[in-house]
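> Following this message is one structure expressed as structure tokens.
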Amino acid sequence: MSSSTEPNPDSREKAERAPDANALAAGSAPGDLKTAAQPPSATVLPATPSGRSAASAPDIVSGPSETGDESFITEEPPYARPANRRPGNRWLLLAAGSALLLILLTIAGVYVITKSPSTINNLVILTVPSGAEIELGGKNYGQSPVKIEQIEKGTYRVTITKDGYEPVSEEIVISKSEPLEFTLKILPPTDSWGLAPEEIVKSSQQRAEDAFSRGHYGIPFEDSALYYAELIRRIDPANQFAIDMRERVRKAMHSAAKAAESKNHLGQAQEIYILLVEYYPDDAEARAAASRVEARLTSRRGEVRDLVRKAEEALRADNLIRPDGASAYYYSKEVLAIDRQNAPARAVHNEVRAKLVGAIDQTIARGDIKGAIRQLEDITRYFPEDKQLRTRLRELRDRHSAEIAKASDPETRRIEGLDKYRNEEFRAAIPDLEFAINNNRGTADVIFALARSLMLTGQLDRAAYYFRKMPAIDDDSYRSSIAALGDIAFARGDKATALDQYKKARALGGSQLYMIATLDDKIEDIEKQQRQKAAEPVPVTIQVKHSHGGIFGGSCQGRLSVSATGVRYDGSEDDDFSANLVGVSVRITKDEMILQFQNKSHKFKVARSEAERFREALVKYQTYSSTGNQ
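Heads up: the sequence shown begins at 1 in this note's numbering, then just goes up one per residue.
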């Protein structure tokens, strides 16, 4: 670089002829820099170094450098450059800034492309069995299987609940789009809680056999043969009975599905095959059959309108579930298998359910809980997805079990029997009171209540038996029992025994049921009857020969009797007659007795002593009758 203050003409000329280095680097002439290589959104940065003006920036000129380059830096006075030329180093900085920006944008693009996304597009949650309520991160997503879109990666708490199964609540990490599957564990029935595992297994084996014999293979799952087999497998995975029962169920369900398919009951067949696929995932035949039925259902879409019409007609005719292939239930189920969103079919389906439930309500109102349970068991087979029906079935079963438990509890029966007795439900009280007595709960109040309930329902012999079992203690029930035995004796016509029992109860002071005044009346009545009985004549019958009289004469043998009802003769030749006591008189001769009526007389051949006995009895009856004793 020249140290002279005068400009060197040669060097100026040389500098004027030299191309700008930035321009060469950009492949264009000086003053013609292009930025086409920049991204469209990039910002072009200024080329001037910080703290320096464009006029003082060094020029880039050709020439050897210490590094071997063909350029070197020289500073020239301002007057050495034409006024319309721009400094060369500006283009250099502009190109460097553009290159740096391009590199940064490239790096950013690669990062965006290669970095892991923060969300999962689709997350599927499955359960075995399906139909469980899914809650993830505090939000409910309905029943499994569920599909969740655009969920943030991270840690969540998942809660899974389904009737009859242990609830699941655990922390899970969601990091990729792969299905999450949970196998739920069966809960034993409530009546098995607290039992030892071996007892549950034994009970479940019997219940599985019972369910299988009723045709409850797997639908609805609760209380089915498959349910109990799975319950056993949970306790004992290698249990041979459970393994065999599962296979029996599989075969039976295949048969049922094929039968339904052959009858064109595709909705029912589909339901069975879905359950087979769920509980027998290795069953290729079930998967193929499920696909086949699905294809057949799809091909029937054109029949939907006609099927809905038939369903509505069957409902109006009250053909709810019968006949099998022409009921409202059948047609609506077929439509819903083809189109689950079909509103008219859903309405028919719901109406069928409502009417069936109404019939169950009537059965319960009649007090037939066992019958209502049978009805509900059948309905749950038609509506296996209905949670409310299953809940109600469990409630009725629990109620029935509680009633059975109460029926087996002597103390409960004792209390209920006494309550019924106090409410004068004597016939209903008897079974409860007898059960209490037979199971060592026969307290004095129970014995008395039973005895009196029996007496008031006309079972006098049994009533007397329990009255005699009353403890001989000086209390109200004991005194009432003695008087009640008097009532029973009187009802049987044994007035002497009745009188003795009443007098004994009076001597003890009577009771609330048999007060002294009441006993006095009873005693007086019997004694009066006894006095009357003593004064009452005794009927007399004598053998006589009746003389017919008349021109033909003749006679017949017979019996002549007198009693409170009057006089009567029964002859051997259809010669019969009778009269009341009024106006009858007897006259006796040496060998004949004449019986005089108001307007007629009869002669009898009879021994005088017999005739006298007859006349004496007649007079007594006439006298007895005239005193008003009749």
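Quick reminder that beta carbons are idealized off the backbone N, C-alpha and C, glycines included.
The structure displayed is predicted, hence computed values, not measured ones.
With H, G and I counted as helix, E and B as strand and the rest as coil, what does DSSP make of Arg587?
It is a strand residue.
> Since Leu123 is in the beta strand (DSSP E), which residue starts that stretch and which ends it?
From DSSP, the beta strand (DSSP E) with Leu123 extends over Thr119 to Val128.
> For the beta strand (DSSP E) containing Met593, list its first residue and its last residue.
Glu592 to Gln596 is the extent of the beta strand (DSSP E) around Met593.
> Give, in chain order, every unbroken run of the alpha helix (DSSP H) that is at least 4 residues long and sits entirely within the segment 471-558.
DSSP runs (the alpha helix (DSSP H)) wholly in the segment 471-558: 476-491, 495-507 and 516-535.
> May I ask you to report which of helix, strand or coil DSSP gives Ala579?
Three-state result, Ala579: strand.
> Is the segment 374-387 touching the segment 232-239 in the sense that three or more CB pairs, one from each, lie closer than 8 Å?
Touching, no, given that fewer than three Cβ pairs across the two stretches are closer than 8 Å.
> Starting from Ile160, trace the beta strand (DSSP E) in both directions and tell me its first and last residue.
Unbroken beta strand (DSSP E) run through Ile160: Gly154 to Thr161.
> Could you check if Arg413 is buried or exposed, using at least 16 other CB atoms within 10 Å of its CB as the buried criterion?
Arg413 is buried by the Cβ-count criterion.
> Where does Thr380 sit, in a helix, a strand or coil, going by DSSP?
Helix.
> Relative to the C-alpha of Gln598, which candidate in Asn580, Glu351, Tyr141 and Ala611 has its C-alpha closest?
The shortest C-alpha separation from Gln598 is found at Asn580.
> Suppose you measure from the CA of Met515 to the CA of Gly509; what does that come to, to the nearest Å?
Each residue's alpha carbon lies about 8 Å from the other.
> The ligand ATP heavy atoms versus the CB of Thr391: any closer than 8 Å?
With respect to the ligand ATP, the structure offers nothing, as it holds no ligand at all.
> Should Val636 go down as buried or exposed, given a rule of 16 or more other Cβ atoms within 10 Å for buried?
Because residue 636 is not part of the residues shown, which for the chain are 1 to 630, the question remains open.
> How close, in whole Å, do the beta carbons of Leu266 and Val293 come, if the pair is a contact with beta carbons under 8 Å?
At roughly 6 Å, the Cβ-Cβ gap stays under 8 Å, so Leu266 and Val293 are in contact.
> Count the other CB atoms within 10 Å of the CB of Gly493; is the residue buried (16 or more) or exposed (fewer)?
Looking at its Cβ environment, which holds fewer than 16 other Cβ atoms inside 10 Å, Gly493 is exposed.
> Could you say which of Pro145, Glu135 and Asp236 lies nearest to Ile160 if we only look at CA atoms?
Among Pro145, Glu135 and Asp236, the Cα nearest to that of Ile160 is on Glu135.
> Alpha carbon to alpha carbon, what distance is there between Tyr502 and Lys603?
If you take the alpha carbons of Lys603 and Tyr502, they lie about 52 Å apart.
> Look at Ser177 and Leu123 and say whether their C-beta atoms are less than 9 Å apart.
Yes; because the gap between Cβ atoms is below 9 Å, this pair is in contact.
> Please classify Lys620: does DSSP put it in a helix, a strand, or coil?
Lys620 falls in the helix class under three-state DSSP.
> Counting only the same chain and skipping the five closest in sequence on each side, list residues whose C-beta sits under 7 Å from that of Leu320.
Once the five neighbours on either side are set aside, the close Cβ partners of Leu320 are Ser327, Ala328, Tyr329, Val352, Lys355 and Leu356.
> State yes or no: is the C-beta of Leu393 within less than 9 Å of the C-beta of Ile373?
Yes, the pair counts as a contact, with Cβ atoms nearer than the cut-off.
> Looking at the unbroken alpha helix (DSSP H) that takes in Ile272, where does it start and where does it end?
Its alpha helix (DSSP H) spans residues Leu266 to Tyr279.
> Do Ala284 and Tyr273 have their beta-carbon atoms positioned less than 9 Å apart in this structure?
No, they are not a contact pair.
> CB-CB under 7 Å to Leu307, same chain, minus the five flanking residues each way: which ones, in chain order?
Hits under 7 Å: Tyr331, Glu334 and Val335.
> Determine the direct distance from the alpha carbon of Pro167 to that of Asp324, and round the result to whole angstroms.
For Asp324 and Pro167, the distance between alpha carbons rounds to 38 Å.
> Measuring CA to CA, which of Glu149, Lys600 and Gly194 is closest to Ile549?
In the sequence as displayed, the identity of residue 549 is Gly instead of Ile. Nearest of Glu149, Lys600 and Gly194 to Gly549, Cα basis: Lys600.
> On the criterion of 16 or more Cβ atoms from any shown chain inside 10 Å, does Arg301 qualify as buried, or is it exposed?
Classification of Arg301: exposed, given that the 10 Å Cβ count is below 16.
> Relative to the alpha-carbon of Ala472, which residue among Val540, Ala347, Ile447 and Gln543 has its alpha-carbon at the smallest distance?
Nearest of Val540, Ala347, Ile447 and Gln543 to Ala472, Cα basis: Ile447.
> Going by DSSP, what residues sit across from Val173 in a beta bridge?
DSSP output for Val173 lists Thr155 as bridge partner(s).
> At which residues does the alpha helix (DSSP H) containing Arg316 begin and terminate?
Arg316 -> alpha helix (DSSP H) spans Val304 to Arg316.
> For Ala42, name the three-state secondary structure that DSSP assigns.
Because the pLDDT of Ala42 is 31, which lies under 50, any placement of that residue in the model is unreliable, and the question is left without a value.
> Could you pull out every residue in the same chain whose Cβ sits closer than 6 Å to the Cβ of Ala444, ignoring the five residues on either side in sequence?
These residues qualify, in order along the chain: Pro471 and Ser477.
> May I ask you to list the residues that DSSP assigns as paired with Arg568?
Answer is Ser561 and Ser578.
> Looking at the unbroken alpha helix (DSSP H) that takes in Tyr331, where does it start and where does it end?
Where Tyr331 is concerned, the enclosing alpha helix (DSSP H) stretches over Ala328 to Ile338.
> In three-state DSSP terms, what is Ser255?
Three-state result, Ser255: helix.
> What span of residues does the beta strand (DSSP E) with Phe467 cover, start to end?
Looking at the DSSP string, Phe467 is not in any beta strand (DSSP E); the run it does join, the alpha helix (DSSP H), is Leu460 to Arg468.
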